[in-house]
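Q: In the numbering used here, the protein residues as written are 3 to 334.
For each residue, glycine too, the CB sits at the ideal point set by N, CA and C.
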């Protein structure tokens, strides 16, 4: 039986002093890590079927500080009870939020919003959204640590080796300006799929888009395994979490150098699709095929017509005077 888990494990806030959109390798005093298990979660939108046939629900994160009684002084409230002190700070702006929008479809189709990843009956799409999170430093960026756990063994009992494969495409009809797909694969078992683009405004356009980057796949650390033991993954795998070799993690970051950091728009939304089996591939649309045929075929037709015209014209052109002499016998 196929069994897999895709999880967001940590929200990462880091000071990008060198403006390289890279999480520092020495994170002391420059990085805050917020385990997703430290957040409280509310069902902001109950599951409902949308007009386009998709089923959707929304989860919203908040800190324990938001649930305190008014008479409790936040300055003296126990960090042990409230979680990391910075965890409370990131939600201190009005309207700040960390949300996960989950969508699934019983049929093949696409979401209405960019990047319009493809739905199948075997996958689920998750939108990871950050809005108006507070940071005490002006050069702050956010990233997210994600994990793919594959508990499906091969026939010989070995776990599957994961990889991230990039699939180019000449068609950007569904995601303008993006010509590549990223597929995180556990072969023939499960996958996570995304396009290397996210959006820094609620209105998703090319001008509001930016780059999604990720680190290389790494094995689970002891701390990460402990975090998963406190998540919904533990009831699924139990003690097998420690033995899973089909488990890898990556850090995902958002933005490009000189984009004025997260504070430029205070908004990021990234969409990822997870599912069983092989990931869907973007086929070249009929419109693009017609454009290619016109672009390549029309010049060829014009050149062919020009050559034919010149040949016909030359054949029909009369010979000049004196170019043809009468036949005379040699021994006349």
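In the DSSP assignment, the alpha helix (DSSP H) including residue 177 goes from what residue to what residue?
A: Working through the chain shown from its first residue, we reach residue 177 at position 175. First-last for residue 177: undefined, no H or E at that position.
Q: Tell me where the beta strand (DSSP E) around residue 237 begins and ends.
A: Start at 1 with the first residue of the chain shown, and residue 237 comes out as number 235. Premise fails: residue 237 lies in the alpha helix (DSSP H), 235-239, not in any beta strand (DSSP E).
Q: Do you know how far the Cα of residue 305 is from the Cα of residue 317?
A: Reading the chain shown from its first residue, position 315 is the one you call residue 317. Reading the chain shown from its first residue, position 303 is the one you call residue 305. Taking the straight line from one Cα to the other gives about 19 angstroms.
Q: Rounded to a whole number of angstroms, what is the C-alpha to C-alpha distance between residue 60 and residue 49?
A: Counting from one through the chain shown, the residue named residue 60 turns up at place 58. Counting from one through the chain shown, the residue named residue 49 turns up at place 47. Each residue's alpha carbon lies about 8 angstroms from the other.
Q: Within the chosen definition, does the segment 253-270 reach the segment 126-142 through at least 3 CB pairs nearer than 8 angstroms?
A: Cβ pair count under 8 angstroms is three or more, so yes.
Q: Mind the definition here: the segment 41-48 touches the segment 184-202 only if three or more C-beta pairs lie below 8 angstroms; say whether that holds.
A: Because the criterion of three Cβ pairs below 8 angstroms is not met, the segment 41-48 and the segment 184-202 do not touch.
Q: Straight-line CA distance for residue 64 to residue 225?
A: Numbered from 1 along the chain shown, position 62 holds the residue referred to as residue 64. Numbered from 1 along the chain shown, position 223 holds the residue referred to as residue 225. Each residue's Cα considered, the two are about 23 angstroms apart.
Q: If you measure between the beta carbons of residue 220 and residue 9, is that distance less than 7 angstroms?
A: Taking the chain shown and counting its residues from 1, one reaches residue 220 at position 218. Taking the chain shown and counting its residues from 1, one reaches residue 9 at position 7. It is not a contact, given that the beta carbons lie outside the stated cut-off.
Q: Measuring CB to CB, does residue 143 end up less than 7 angstroms from residue 21?
A: Looking up residue 143 in the chain shown gives position 141. Looking up residue 21 in the chain shown gives position 19. Going by C-beta atoms, residue 143 is not nearer than 7 angstroms to residue 21.
Q: Using the Cα positions of residue 91 and residue 31, report the straight-line distance between them to the nearest angstrom.
A: The residue labelled residue 91 in the question sits at position 89 within the chain shown. The residue labelled residue 31 in the question sits at position 29 within the chain shown. In a straight line, the C-alpha of residue 91 is about 16 angstroms away from that of residue 31.
Q: Under the assumption that residue 216 contacts residue 253 (Cβ atoms under 8 angstroms), give the Cβ distance between them as a whole number of angstroms.
A: Walking along the chain shown from the start, residue 216 turns up at place 214. Walking along the chain shown from the start, residue 253 turns up at place 251. Indeed, because the Cβ distance is near 7 angstroms, the residues count as touching under 8 angstroms.
Q: Whose C-alpha, out of 202, 238, 106 and 57, is nearest the C-alpha of residue 262?
A: Locating residue 262 in the chain shown gives position 260, where the first residue counts as 1. Looking at the Cα atoms, 202 is the closest of the given residues.
Q: Measuring alpha carbon to alpha carbon, tell me which of 96, 126 and 98 ends up nearest residue 110.
A: Working through the chain shown from its first residue, we reach residue 110 at position 108. Ranking 96, 126 and 98 by Cα distance to residue 110 puts 126 first.
Q: Assuming contact is defined by CB atoms lying nearer than 7 angstroms, are residue 194 and residue 11 in contact in what I supplied?
A: Position 192 of the chain shown, counting from 1, holds the residue named residue 194. Position 9 of the chain shown, counting from 1, holds the residue named residue 11. No.
Q: Taking the Cβ atom as the reference point for each residue, do residue 273 and residue 23 lie within a distance shorter than 7 angstroms?
A: Sequence index remark: in the chain shown, residue 273 carries index 271 (1-based). Sequence index remark: in the chain shown, residue 23 carries index 21 (1-based). Against a cut-off of 7 angstroms, the Cβ pair of residue 23 and residue 273 comes out as no contact.
Q: Which stretch, first to last residue, makes up the alpha helix (DSSP H) that contains residue 229?
A: Counting from one through the chain shown, the residue named residue 229 turns up at place 227. Its alpha helix (DSSP H) spans residues 224-231.
Q: Taking all protein chains shown into account, do 16 or more other C-beta atoms lie within 10 angstroms of the C-beta of residue 89, making it buried, or fewer, making it exposed?
A: By one-based count along the chain shown, residue 89 stands at place 87. Buried: at least 16 other Cβ atoms inside 10 Å.
Q: My output table needs one value for residue 242: the three-state DSSP class, helix, strand or coil.
A: Within the chain shown, numbered from 1, the residue matching residue 242 stands at position 240. If DSSP states are grouped into helix, strand and coil, residue 242 belongs with the helices.
Q: Verify whether the separation of the beta carbon atoms of residue 124 and residue 243 is less than 7 angstroms.
A: Position 122 of the chain shown holds residue 124. Position 241 of the chain shown holds residue 243. No, they are not a contact pair.
Q: Measuring CA to CA, which of 223, 246, 196 and 212 is closest to residue 259?
A: Here residue 259 corresponds to residue number 257 of the chain shown, with the count starting at 1. Closest option to residue 259, Cα to Cα, is 212.
Q: Using the beta-carbon count (16 or more within 10 Å), is residue 14 buried or exposed?
A: By 1-based counting over the chain shown, the position of residue 14 is 12. Residue 14 comes out buried.
Q: How far does the beta strand (DSSP E) with residue 252 in it reach, from first residue to last?
A: As a first step, residue 252 is located in the chain shown; it is residue number 250 there, counting from the start. Run containing residue 252: 249-256, per the beta strand (DSSP E) assignment.
Q: Do residue 214 and residue 198 count as a contact pair if the criterion is CB distance below 7 angstroms?
A: Counting from one through the chain shown, the residue named residue 198 turns up at place 196. Counting from one through the chain shown, the residue named residue 214 turns up at place 212. Yes, Cβ-Cβ distance for residue 198 and residue 214 is below 7 angstroms.
Q: What does DSSP give as the partner residue(s) for residue 149 in the beta ladder?
A: If you number the chain shown from 1, residue 149 lands on position 147. DSSP output for residue 149 lists 9 and 251 as bridge partner(s).
Q: Which class does residue 106 belong to by DSSP, given the choice of helix, strand or coil?
A: To locate residue 106, count along the chain shown from 1; it is residue 104. Of the three classes helix, strand and coil, the one that applies to residue 106 here is strand, per DSSP.
Q: Per DSSP, which residues does residue 37 bridge with? Please list them.
A: Here the question's residue 37 lines up with position 35 in the chain shown. Answer is 12.
Q: Considering only the alpha carbon of each residue, which of 284, 313 and 6 lies closest to residue 153?
A: Your numbering for residue 153 matches position 151 in the chain shown. Minimum Cα distance to residue 153 is reached at 6.
Q: Can you name the residues that DSSP bridges to residue 101?
A: On the chain shown, residue 101 is found 99 positions in, with the first residue counted as 1. In the DSSP output, where bridge partners are listed per residue, residue 101 has 62 and 131.
Q: On the criterion of 16 or more Cβ atoms from any shown chain inside 10 Å, does residue 251 qualify as buried, or is it exposed?
A: By 1-based counting over the chain shown, the position of residue 251 is 249. With 16 or more other Cβ atoms within 10 Å, it is buried.
Q: Using a 10 Å radius around the Cβ and a threshold of 16 neighbouring Cβ atoms, would you call residue 147 buried or exposed?
A: Numbered from its first residue, the chain shown carries residue 147 at position 145. Counting Cβ neighbours within 10 Å, residue 147 comes out buried, since at least 16 surround it.
Q: Using only alpha-carbon positions, find the residue among 233, 310 and 298 that is nearest to residue 37.
A: Within the chain shown, numbered from 1, the residue matching residue 37 stands at position 35. Ranking 233, 310 and 298 by Cα distance to residue 37 puts 233 first.
Q: Determine the closest residue to residue 178 out of 282, 119 and 28, with distance taken between C-alpha atoms.
A: If you number the chain shown from 1, residue 178 lands on position 176. Cα-wise, what sits closest to residue 178 is 119.
Q: Apply the 10 Å Cβ neighbour rule to residue 25 and answer buried if 16 or more other Cβ atoms are within range, or exposed otherwise.
A: If you number the chain shown from 1, residue 25 lands on position 23. Answer is buried; the Cβ neighbour count reaches 16.
Q: Give the DSSP bridge partners of residue 170, in chain order.
A: For this step, residue 170 is matched to residue 168 along the chain shown. Residue 170 is bridged to 182.
Q: Closest to residue 57 by C-alpha separation, out of 105, 42 and 27, would be which residue?
A: Residue numbering aside, residue 57 sits at position 55 when the chain shown is read from its first letter. Comparing Cα-Cα distances from residue 57 to each of 105, 42 and 27, the minimum goes to 105.
Q: Measuring only the C-alpha atoms, how far is residue 169 from residue 311?
A: Position 167 of the chain shown holds residue 169. Position 309 of the chain shown holds residue 311. Between residue 169 and residue 311, the C-alpha separation is close to 44 angstroms.
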